[in-house]
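Shown next, in structure tokens, is the structure this report addresses.
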Amino acid sequence: MSLVFYARVSSEEQNLDRQLARAKEVHADKIFSEKYSGKNLNRPAFKEMMNYLREDDILQVVSLDRLSRDYNDIKKLIQRLRDIGVTLIVDDLPQTNTGNPLVDQFMMDMMIQLMGFVAQNEREKIRERQAQGIKIAKAAHVYTGRKIKYGKNAKDPRNRWVWQTVVEDLKKENVPIASIAKKVGISRQQVYRIKKRENI
Numbered sequence: 024m025s026l027v028f029y030a031r032v033s034s035e036e037q038n039l040d041r042q043l044a045r046a047k048e049v050h051a052d053k054i055f056s057e058k059y060s061g062k063n064l065n066r067p068a069f070k071e072m073m074n075y076l077r078e079d080d081i082l083q084v085v086s087l088d089r090l091s092r093d094y095n096d097i098k099k100l101i102q103r104l105r106d107i108g109v110t111l112i113v114d115d116l117p118q119t120n121t122g123n124p125l126v127d128q129f130m131m132d133m134m135i136q137l138m139g140f141v142a143q144n145e146r147e148k149i150r151e152r153q154a155q156g157i158k159i160a161k162a163a164h165v166y167t168g169r170k171i172k173y174g175k176n177a178k179d180p181r182n183r184w185v186w187q188t189v190v191e192d193l194k195k196e197n198v199p200i201a202s203i204a205k206k207v208g209i210s211r212q213q214v215y216r217i218k219k220r221e222n223i
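In the numbering used here, the protein residues as written are 24 to 223.
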């Protein structure tokens with residue numbers, strides 16, 4: 024039996040410190056962490072974790088939305104964990120112990136469904152607010168689009184270095200995209216974005 028801890032934040036700018044501190048606090052045997060959007064389950068560390076989990080393992084997260092913000096995905100995931108025989112512990116959900124396993128399971132299922140709904144609802148509200156903000160900014164002719172993370176005018180010096188290195192390597196002959204991505208520590212998709220933006 025292993026205590027497996029999964030930690031996730033949505034972007035590179037966010038940090039995992041609080042979640043990793045919790046993993047250390049509970050003496051997790053194995054930690055999977057990543058900086059990836061929770062809009063679906065197609066995430067590298069998440070998939071690796073699901074392949075690692077075995078019967079009688081315990082999976083712990085600080086909150087349900089670390090696993091996913093999609094209500095249907097959460098329902099499918101809970102069933103998949105049950106099929107494997109994995110116990111799920113969610114820190115911000117109260118643990119029930121009535122002495123009747125059937126009642127405890129029923130109450131946990133209700134709480135998980137409720138929290139799953141709340142997570143998806145919050146995600147949809149965020150998207151709605153973003154869309155409204157963009158619409159207002161466009162109407163006022165002040166919308167500049169999403170800020171470019173890797174560019175010559177990036178605020179972070181490291182991000183400027185990434186942009187410069189990628190551009191220089193793209194201009195060289197026969198340098199594989201994968202090699203460039205690995206060299207600067209970004210994804211191949213991001214290299215392709217820079218390539219397209221700079222018309223290289």
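Glycine included, each C-beta is placed from N, C-alpha and C at the ideal position.
Sequence-distant residues of its chain with Cβ nearer than 6 Å to residue 110 (five each side left out): Your numbering for residue 110 matches position 87 in the sequence shown. Around residue 110: 81.
How is the alpha helix (DSSP H) around residue 66 delimited, first residue to last? Mapped onto the sequence shown, residue 66 falls at position 43. In the DSSP assignment, residue 66 falls outside any alpha helix (DSSP H) and carries neither an H nor an E.
Considering only the alpha carbon of each residue, which of 145, 154, 159 and 87 lies closest to residue 132? As a first step, residue 132 must be located in the sequence shown, where it is residue number 109. The shortest Cα separation from residue 132 among 145, 154, 159 and 87 belongs to 87.
Looking at C-alpha atoms only, which residue of 171, 63, 203 and 186 is the closest neighbour of residue 98? For this step, residue 98 is matched to residue 75 along the sequence shown. With distances taken between Cα atoms, residue 98 lies closest to 63.
Quick one: Cα of residue 207 to Cα of residue 143, how far? Along the sequence shown, read from residue 1 onward, the residue named residue 207 stands at position 184. Along the sequence shown, read from residue 1 onward, the residue named residue 143 stands at position 120. One Cα belongs to residue 207, the other to residue 143, and the distance between them is close to 34 Å.
Residue 210 to residue 149, Cα distance in whole Å? Stepping through the sequence shown from its first residue, residue 210 is reached at position 187. Stepping through the sequence shown from its first residue, residue 149 is reached at position 126. For residue 210 and residue 149, the distance between alpha carbons rounds to 26 Å.
Just verifying my parser: in three-state terms, what is the DSSP assignment at residue 75? Start at 1 with the first residue of the sequence shown, and residue 75 comes out as number 52. DSSP places residue 75 in helix when its eight states are reduced to three.
Sheet register partners of residue 57 (DSSP bridge): The residue given as residue 57 occupies position 34 in the sequence shown. DSSP, once it has assigned bridges, lists 31 as partnering residue 57.
Count the other CB atoms within 10 Å of the CB of residue 24; is the residue buried (16 or more) or exposed (fewer)? As a first step, residue 24 must be located in the sequence shown, where it is residue number 1. Exposed: under 16 other Cβ atoms inside 10 Å.
Quick check on residue 108: buried or exposed, where buried means 16 or more other Cβ atoms within 10 Å of its Cβ? For the purposes of this step, residue 108 is identified with residue 85 of the sequence shown, where counting begins at 1. It is exposed - the Cβ of residue 108 has fewer than 16 other Cβ atoms within 10 Å.
So what's residue 81 in DSSP terms, helix, strand or just coil? Counting from one through the sequence shown, the residue named residue 81 turns up at place 58. Strand at residue 81.
Report the CB separation of residue 76 from residue 51 in whole angstroms; it is logged as a contact under 8 Å. The sequence position of residue 76 within the sequence shown is 53, counting from 1. The sequence position of residue 51 within the sequence shown is 28, counting from 1. About 13 Å separates the two Cβ atoms, so there is no contact after all.
Could you have a look at residue 193 and say whether DSSP puts it in helix, strand or coil? Within the sequence shown, the letter at position 170 stands for residue 193. Residue 193 falls in the helix class under three-state DSSP.
Nearest residue (CA-CA) to residue 136, options 66, 102, 163 and 155: Numbered from 1 along the sequence shown, position 113 holds the residue referred to as residue 136. When each option's Cα is compared against that of residue 136, the closest is 102.
Own chain residues within Cβ distance below 6 Å of residue 54, not counting five before or after: Position 31 of the sequence shown, counted from the first residue, corresponds to residue 54. Same-chain partners within the cutoff: 28 and 46.
Would you grab the beta carbon distance between residue 58 and residue 37 for me? Rounded to a whole angstrom, and I think it's under 8 Å. Counting from 1 along the sequence shown, the entry for residue 58 is found at position 35. Counting from 1 along the sequence shown, the entry for residue 37 is found at position 14. With a Cβ gap of about 7 Å, residue 58 and residue 37 count as contacting.
Should residue 92 be labelled buried (16 or more other beta-carbon atoms within 10 Å of its own) or exposed? The residue labelled residue 92 in the question sits at position 69 within the sequence shown. Residue 92 should be labelled buried.
Let me confirm a value: residue 140 is counted as buried when at least 16 other C-beta atoms fall within 10 Å, else exposed. Which label applies? What you label residue 140 is simply residue 117 of the sequence shown in a count that begins at 1. Answer is exposed; the Cβ neighbour count stays below 16.
Endpoints, alpha helix (DSSP H) assigned at residue 207: To locate residue 207, count along the sequence shown from 1; it is residue 184. Start and end: 200 to 207.
Integer Cβ distance of residue 217 from residue 173, believed to fall under 8 Å: Counting from 1 along the sequence shown, the entry for residue 217 is found at position 194. Counting from 1 along the sequence shown, the entry for residue 173 is found at position 150. About 6 Å; that satisfies the 8 Å criterion.
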